[in-house]
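One structure is given below, encoded as structure tokens.
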Amino acid sequence: MSRADQSLPDGVVTHTGQDRRLLVFYALVSAVLLTLMGGLAWQQLLRADVHDARERQQGLRRVLVPGPRGRIFDREGRLLAGSRPRFAVTLALDELGREFRAEYQAVRQNFRAAGEKDVPTTAQLEQIARTSVVRRYLESLDSILGRQTRLDTAGLQAHFSEQSLLPYVLLNDLTPEEYARLLEQLPVNSPMQVFASSVREYPFARLAAHTLGYVSAGVSREVPEDFPGEKLATFQLKDMAGRDGLEYKFEEQLMGGVGGVIFRVTPSGYRINPPRVKLAPTRGRDLVTSLDADLQAAAESGLDDLTGAAVALDVRTGEVLVLASSPNYNLQDFTPRLGSAASDDITARGAWFNRAVTGFYPPGSTFKLLTSIAALRAGVITPEQLMDEPCDGRIRIGNTWKTCDNGDGHHGAISLSAAIAESCDVFFYQLGLQTQPERIAAEARRFHLASRPAIELPNLSPKNDRSIIPEPAWFLRTHGRKISDGDTANIAIGQGDVLVTPLTMACFAASLARDEIFTQPTLLHDPGAPAQHHERTGLTPEQRTALLDGMEGCTMSTSTVIGTARILTAPSLRIPGLQIAGKTGTAQVKDRKNIAWFICFAPRKNPQIAIAVAIEGQEAGETFAGGAYAAPVAQKILRKWSEKQARAAATAGPPMFTLPLPAPAP
């Protein structure tokens, strides 16, 4: 013991130096404190923006609302497709947090008071509480409206778990009386409110159904790039989108712009008002079509319960005035959604099929006009030249006798004009053989009959274009044999393998009216559209006159010519003062329904409207003449057109618009 230690009392020990173990301990504690302080500084100062972003994501919710859909008009401003309000009663679930909690406590106490052994879980108790609260609101509605509505509990729970910030629909499709009653009796601050959404409306119901198309609901829209809150939890009200026709083709133009709000929410997910951000949705752009509702209605009235199609074009511009297919369907059945019964009915009647643009039929004797042009341009025949063999009702071609099934069947020696007017098969069998199939096919391609015209409708890709203009190479490739004289004779009168659509033949008629080889159809209206100009047919004035004389003679009955569309001269069908240049056709397809055709343009001088009508026969093999079935449909269109022209002339101006015309589509 040291001397210093000797002076101290017993049991007292002194340390003259520091304990190294304490130094290590102090160092460790200091390091931990420094680490904690550094981490806190890092999180508070350097990562503040990250935490702020996380807080926003957890505390903010984004609700997106679709904009109203654009409208579709006819060329005179009449509404063909619009939107109407659809009223429902909605319940704001995110405003009922206090009621849900109170009901939860009451339900739990009831289970405990009843001494139940199997008490539901917390989640089950919350579900029971929510259902009870919502059912009370629904019962209060029923008492006001005199209804008895069943609550969809499964739908309620799904909505609460997935879309709690969106209003839950208690009642849908309120009548005007119910809507007015609820506006009077629902408190302003009630979580139940009358909610207005929009559904598509088609004022003319069935008019131009295949052209307009339809929409379906339940579509989520893309969020605008400039809309804030990209990383926030997002809820979206469903929109409607085009599924066919113009509604589908111009979806990008017609659909409204998405709007919405950003709300702050409590930890339980309930909304805190007012919203942090609010962006109003925008209406889609309107579409002005080339259709004329009056002429379209006349065409559909003429088709009535027939199966077929009618197309009418503005000869000058190619704008489609009529695009009708029968049978059709009621577009109102698609609002707000198509039921299974209505869908089954459309399917059973074959009404989904747009025969005007996708109905491929042999053109029958309407094709004789093309054969005539090919023969005239090739120098095979002159306007006044007679065939070597007069028509006595039949002619031998190869080893087969072919009959003349048009007119009286015994036309004798006639010129080209008379052969067109009376549709003499024997004349055109000979003319086709003299012209040769290569020339006929080349002329048909020059007139763009070998492909379906492009138009602003969906599902018209070249892959499903079944247009056929046979030629020797096609026969060898398709049938594995050379083309025969019998094949050529059939082609000359538009039968056999030839296939075209009603729209194709309407364009052909419009082209003939302008003495040109092509017409580009369009379903969009442009009041300032220039006249179309394409390559001329190449006919001399004398040749064109002979062709038009035959077409006009087709619609007449005189002492020298009995036209196959002479039914148009009947007192009930005659349109005074209107010269019509037309051609009938009857495509007799073996073991299939025959097709009745009529194509025309009017007036003969200064043509303005061109029409093609194709009607399917009811039974296989029956006689189904174009003059008897197709021409009267065209007559209804022409009569309405003539009446409108006369009315416009009397008022020295265009027809009155029922609505202001929107700007044409780009």
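Going by this note's numbering, the first residue of the sequence shown is number 142, and it counts up by one from there.
Note that the Cβ used here is the ideal one computed from N, Cα and C, for glycine as well.
Values in this document were obtained by computation on a predicted structure and should not be read as measured data.
Would you mind sorting residue i into buried or exposed? The rule is 16 or more other CB atoms within 10 Å of its CB.
| i | result |
| --- | --- |
| K746 | exposed |
| P668 | exposed |
| A753 | buried |
| K372 | exposed |
| L237 | buried |
| T619 | exposed |
| P603 | exposed |
| R210 | buried |
| W542 | exposed |
| P801 | Bear in mind that a pLDDT of 46 at P801, under 50, signals an unreliable position, so the model cannot answer this. |
Does DSSP classify residue i as helix, strand or coil?
| i | result |
| --- | --- |
| D193 | Bear in mind that a pLDDT of 47 at D193, under 50, signals an unreliable position, so the model cannot answer this. |
| S602 | coil |
| C565 | coil |
| K543 | strand |
| A492 | coil |
| S783 | helix |
| L527 | coil |
| I413 | strand |
| V275 | helix |
| Q394 | helix |
| M697 | coil |
| Q246 | helix |
| Q759 | strand |
| A172 | helix |
| A806 | Below a pLDDT of 50, predicted positions are generally treated as unreliable, and A806, at 44, falls in that range; the measurement from the model is reported next regardless. Coil. |
| A226 | In the sequence as displayed, the identity of residue 226 is Pro instead of Ala. Correct three-state label for P226: strand. |
| D455 | strand |
| N251 | helix |
| T290 | coil |
| R788 | helix |
| Q636 | coil |
| E597 | coil |
| E338 | The amino acid at residue 338 is misidentified as Glu; the sequence shows Ser. Strand. |
Considering Cα atoms alone, identify which of the options is closest to residue i.
| i | options | result |
| --- | --- | --- |
| L315 | P308, Q526, L282 and E342 | L282 |
| A775 | Q437, P308, M333 and G694 | Q437 |
| D474 | E757, A483, F568 and Y770 | A483 |
| M697 | T710, G400 and T686 | T710 |
| T660 | Y343, E693, R239 and R593 | R593 |
| M396 | T290, R384 and A771 | R384 |
| G727 | G758, R518, I721 and A647 | Before going on, a small fix: residue 727 reads as Thr here, not Gly. Ranking the options by Cα distance to T727, first place goes to G758. |
| K785 | G459, L464, A434 and G679 | A434 |
| D626 | F569, P317, Y309 and E441 | F569 |
| A585 | H551, A672, C648 and T523 | C648 |
| A382 | V356, I269, E366 and S481 | V356 |
| D546 | T290, G694, I634 and I269 | I634 |
| T576 | M528, A614, D259 and R622 | M528 |
| A451 | A650, T699 and L164 | A650 |
| S700 | E563, N471 and A769 | E563 |
| V230 | P332, A247 and D293 | P332 |
| R288 | L279, G296 and T294 | L279 |
| A737 | I721, Q749 and I756 | I756 |
Can you grab the Cα-Cα spacing for the pair residue i / residue j, in whole Å?
| i | j | result |
| --- | --- | --- |
| R347 | E530 | 51 Å |
| G539 | G553 | 21 Å |
| D486 | T448 | 16 Å |
| P682 | Q526 | 16 Å |
| G208 | R322 | 28 Å |
| L444 | P524 | 36 Å |
| R788 | A595 | 33 Å |
| L517 | A582 | 14 Å |
| Q394 | D427 | 8 Å |
| A453 | S783 | 13 Å |
| E325 | V429 | 40 Å |
| T792 | E217 | 16 Å |
| L590 | P643 | 11 Å |
| I658 | T544 | 31 Å |
| V360 | V248 | 38 Å |
| E342 | R780 | 29 Å |
| P662 | A299 | 50 Å |
What distance in whole Å lies between the Cβ atoms of residue j and residue i, which are believed to be in contact at a cut-off of 8 Å?
| i | j | result |
| --- | --- | --- |
| V456 | A751 | 5 Å |
| L387 | G354 | 6 Å |
| F345 | L221 | 6 Å |
| V335 | F228 | 6 Å |
| L688 | S466 | 30 Å between Cβ atoms; not a contact. |
| A654 | F742 | 4 Å |
Hey, would you say the C-beta of residue i is under 7 Å away from at least one heavy atom of the ligand FMN?
| i | result |
| --- | --- |
| T499 | As far as ligands go, the structure on display features none, and thus does not contain the ligand FMN. |
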